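Right, one structure below, let's go through it.
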Amino acid sequence: MPLISSLRPLPATALCSRPFSRRLKQLFFLSRAALLALGLVQVFCVAQATEPDFPTELIDFGPVSRAALFAGGGQQAWDRDLRERGWIMREGGLWHLWYTGSNAATDPVRRVGYASSCDGLNWSRSLLNPLVGDRWVEDVCVVKQGMGRSGQYWMFAEGDRDVAHLLLSRDRLHWQQQGPLDIRLVSGAPIDDGPRGTPAVWLEKKTWYLFYERMDLGVWLATSKDLKVFTNTSDEPVLACGPEGYDRYAIAIDQIVSHKGRYYAYYHASALKSRSEWTTCIATSDDLRHWKKSLANPIVPVDPAHPKQSSATLIFDGSRHRLYTTHPDVRVRYSISTVPHSALLGSPDDF
Numbered sequence: 095m096p097l098i099s100s101l102r103p104l105p106a107t108a109l110c111s112r113p114f115s116r117r118l119k120q121l122f123f124l125s126r127a128a129l130l131a132l133g134l135v136q137v138f139c140v141a142q143a144t145e146p147d148f149p150t151e152l153i154d155f156g157p158v159s160r161a162a163l164f165a166g167g168g169q170q171a172w173d174r175d176l177r178e179r180g181w182i183m184r185e186g187g188l189w190h191l192w193y194t195g196s197n198a199a200t201d202p203v204r205r206v207g208y209a210s211s212c213d214g215l216n217w218s219r220s221l222l223n224p225l226v227g228d229r230w231v232e233d234v235c236v237v238k239q240g241m242g243r244s245g246q247y248w249m250f251a252e253g254d255r256d257v258a259h260l261l262l263s264r265d266r267l268h269w270q271q272q273g274p275l276d277i278r279l280v281s282g283a284p285i286d287d288g289p290r291g292t293p294a295v296w297l298e299k300k301t302w303y304l305f306y307e308r309m310d311l312g313v314w315l316a317t318s319k320d321l322k323v324f325t326n327t328s329d330e331p332v333l334a335c336g337p338e339g340y341d342r343y344a345i346a347i348d349q350i351v352s353h354k355g356r357y358y359a360y361y362h363a364s365a366l367k368s369r370s371e372w373t374t375c376i377a378t379s380d381d382l383r384h385w386k387k388s389l390a391n392p393i394v395p396v397d398p399a400h401p402k403q404s405s406a407t408l409i410f411d412g413s414r415h416r417l418y419t420t421h422p423d424v425r426v427r428y429s430i431s432t433v434p435h436s437a438l439l440g441s442p443d444d445f
């Protein structure tokens, strides 16, 4: 019997009750303990003495949830299929999910939807979906700027032909188009035409750091003070494919986090030219410009049952780190070690 299924929504009173949420966690960890006892789970551990820049709470995770926590809305729904990176944020006593939905049988446009949860496990779709009905919004990253209700939300997303664009919201649900991102070479000239996708953004000391890929062949970094023009810090990738086989053919950053004074990039990668299989990997930096990949990569190897599972987001739930993947549905893994007081940060200017 599936552990959790979002296809049969539970009553809101049940979803938000602490005993119910606690019972779900108990079931999850009992399942994980049983799998570990049977030797069916392979955990990738690297000794801290060998690789101290990659603490275990960021790279060692238990098994994936057996059932999807959130999946497509049904054969006739606008979001029949979920794809690419969704974005999960824990704020104000709720968990928030922005995701990309599509239904090629009725419409080629990919749109953004929203769901909320009391526990990050059971999700309810918004009645306002899709949030932006007339625009292509895919592979999203959301950054909050400012404190409390005075804050505003910036959504960086792929548009048509994988050209990154920007949207703004005050309430997480109603979004205003801000136009495509203007990305320049170090010289100030525009970058070549073509895709500039999977925007992953970090905001610190009033500087916006934009990580973007071009055909998944490498990741570039551009910065901006005003969100109007982003200028490359280098015209060469700051994170390139290879040399190891696991990310030889494709690479794209999903999320940047800060932990104990260092930056970490979770990224998805493919060892195949066909890109029919994806893994989740991690790299670290002390300046956002120079990155070192972990020897433990891939930290989430190819899942034979779901070979395209990818697009990761790391969230601290109060006791453990959760690693969510959102393509082609939403699933979660828990860190093996507890993290009583996580040093994990999103962009420091989020608050």
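Whatever position you read off the sequence shown (first residue = 1), add 94 for my numbering. For every residue, glycine included, the Cβ atom is placed at its ideal position computed from N, Cα and C. What you are looking at is a predicted structure, and each value in this text was computed from that prediction instead of being measured.
Spatially closest choice to residue i from the options, by CA coordinates
i, options, result
"G207", "G440, Q246, S196", "S196"
"K367", "E145, G336, V424", "G336"
"L163", "F155, D147, L191", "L191"
"Y361", "L321, N216, L417", "L417"
"P507", "N223, D397, V323, G412", "Limits of the chain in this structure are 95 at one end and 445 at the other, which puts residue 507 out of reach."
"T200", "P274, G180, Q169, P224", "Q169"
"P398", "I376, W372, S388", "W372"
"R160", "C375, Y428, R290", "Y428"
"D320", "T301, S328, Q349, D213", "T301"
"D411", "I153, M183, D147, D173", "M183"
"R425", "G214, A209, A198", "G214"
"R290", "L297, F305, Q239", "F305"
"E298", "E252, R219, I350", "I350"
"L262", "Y247, A171, L222, D147", "Y247"
"D154", "H400, P392, P401", "P392"
"R204", "H353, S328, T327, A171", "A171"
"E330", "S318, D256, L279", "L279"
"V433", "Y357, H353, M249, A363", "H353"
"L188", "A165, E338, N216", "N216"
Limits of the alpha helix (DSSP H) - the one that residue i falls within
i, result
"E151", "150-153"
Range covered by the beta strand (DSSP E) that runs through residue i
i, result
"Y428", "425-428"
"W248", "246-252"
"W314", "312-318"
"Q270", "270-274"
"D233", "232-239"
"F410", "404-410"
"A390", "Looking at the DSSP string, A390 is not in any beta strand (DSSP E), and its letter there is neither H nor E."
"C375", "373-379"
"A258", "258-263"
"R160", "First-last for R160: undefined, no H or E at that position."
"S281", "Element bounds for S281: n/a, residue is neither H nor E."
Whether residue i touches residue j by CB criterion (8 Å)
i, j, result
"I347", "T292", "yes"
"S436", "H415", "yes"
"L275", "L382", "no"
"V237", "V295", "yes"
"E151", "S405", "no"
"W385", "T378", "yes"
"D173", "G167", "yes"
"G409", "G156", "One point to set straight first is that residue 409 is Ile, not Gly, in the sequence displayed. Contact flag unset, no."
"T194", "L176", "yes"
"G282", "H259", "no"
"R369", "A334", "no"
DSSP bridge partner residues for residue i (one or two, in chain order)
i, result
"M183", "H190"
"D341", "Per DSSP, none; premise fails for D341."
"N197", "D201"
"N326", "A316"
"R174", "Bridge partners of R174: none, in fact."
"V295", "L304"
"D397", "H400"
"G207", "Y193"
"T432", "Answer by DSSP bridge pairing: none, since T432 is not bridged."
Exercise for the section: Flag this pair as touching only if the region 237-246 and the region 214-229 have three or more C-beta atom pairs under 8 Å; answer yes or no. Expected result: no
Exercise for the section: Say whether the region 303-319 touches the region 260-267, bearing in mind that this needs 3 or more beta-carbon pairs closer than 8 Å, one atom from each stretch. Expected result: no
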